[in-house]
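Heads up: the structure comes next, in structure tokens.
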Amino acid sequence: MIERFKIHFNVLMGEAKLSYISTKRYGVNWLVGIINLLLFLIFIQLGIYSFQTGLSQNYINGKIETLIIGFFAFSIIGMAITTISSRISEGATTGVLEHTMLSPIGSTNVLLYYAVVQFLFAIIVYFLLLPVSMLICRHFFVINIAKLIFYTISLWIASCSVGFVLGALTLIYKRTQNFINLLQFVILTLMILPSYPFNYFSLIPISPQSSALMNSITGKNDISLGFNLYIYLQSIACLYISLKIFKEAEKYVKIKGILGQY
């Protein structure tokens, strides 16, 4: 048991090291991406300020907070959905996909650890850039970090389940970029569905997690214990099903001999 834990931990650390090396090697591209994100956060706030004539300061503050948290949630969802398929596409073009699929601990574990590393990296970047954008815009608001992390984790798990399904499609069809572009509109739709309190929209992955996050952080509503439990159970169930789908897709491409074809 301990030996197996060490193997999984070493794989997780290996993925973290790989991400660090990739970031360092392509540092300019990474830096430009950080600047783009910072500018977006700044212009969200400046854009709202440009419409402040005749509006109360509390209303302006609420709109800014809603837009920033909404953008944060959209980014986390998009990252979680595309991480797996991007890793598979990159592995197919660089010739390392076969190594991932032949991992002793299973390809799903390797890809999941990679997704975890990317998620943690994204969270750190957001938490560093948000105060900087506030400082530049000279506008400050308080966010409950504990609540934000709690609901973001459930949102990431639900989104990651969709990412594994998309990864399964990428294994088979190789290129899914247009499908990813289409998913952006699906994500926006899921985010605005009124899934809290519980209704039939709450059965759709991502939607209840997003509603709980937005209602808790920007709406200042206390989410019931039952709904909190539900969003985590639903997220884990969706992830479990998506992993099964991915494994079936993996078996299919191995039998057909199309794993390494691109």
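In my numbering, the protein residues as written are 2 to 263. Yeah, the Cβ is synthetic: ideal placement off N, Cα and C, and Gly gets one too.
Classify residue 142 as buried or exposed, calling it buried when 16 or more other Cβ atoms lie within 10 Å of its own Cβ.
exposed
Distance, Cα to Cα, residue 252 vs residue 94?
20 Å
Note down the Cα distance separating residue 236 from residue 228, rounded to an integer number of angstroms.
12 Å
With a 10 Å radius around its C-beta and 16 neighbouring C-beta atoms as the bar for buried, classify residue 88 as buried or exposed.
buried
Using alpha carbons as the reference points, say which of 216, 254, 167 lies closest to residue 145.
216
Whole-angstrom distance between residue 211 and residue 74, CA atom to CA atom:
7 Å
To which residues of the same chain is residue 19 closer than 7 Å at the C-beta, ignoring the five residues directly before and after it?
none
Quick one: what's got a C-beta closer than 7 Å to residue 264's C-beta in the same chain, skipping five residues either side?
Any answer about residue 264 is impossible in this case: the structure gives the chain only from 2 up to 263.
Alpha carbon to alpha carbon, what distance is there between residue 9 and residue 26?
26 Å
Spatial neighbours of residue 185 within its chain, please: C-beta separation below 8 Å, excluding the five flanking residues on both sides.
79
Residue range of the alpha helix (DSSP H) that includes residue 168
146-174
Near residue 101, what residues of its chain come up, given a Cβ to Cβ distance below 6 Å and the 5 sequence neighbours on each side ignored?
92, 108, 111
If you reduce the DSSP assignment to three classes, tell me which class residue 140 lands in.
coil
Taking the beta carbon of residue 256 as the centre, do at least 16 other beta carbons fall within 10 Å, making it buried, or is it exposed?
exposed
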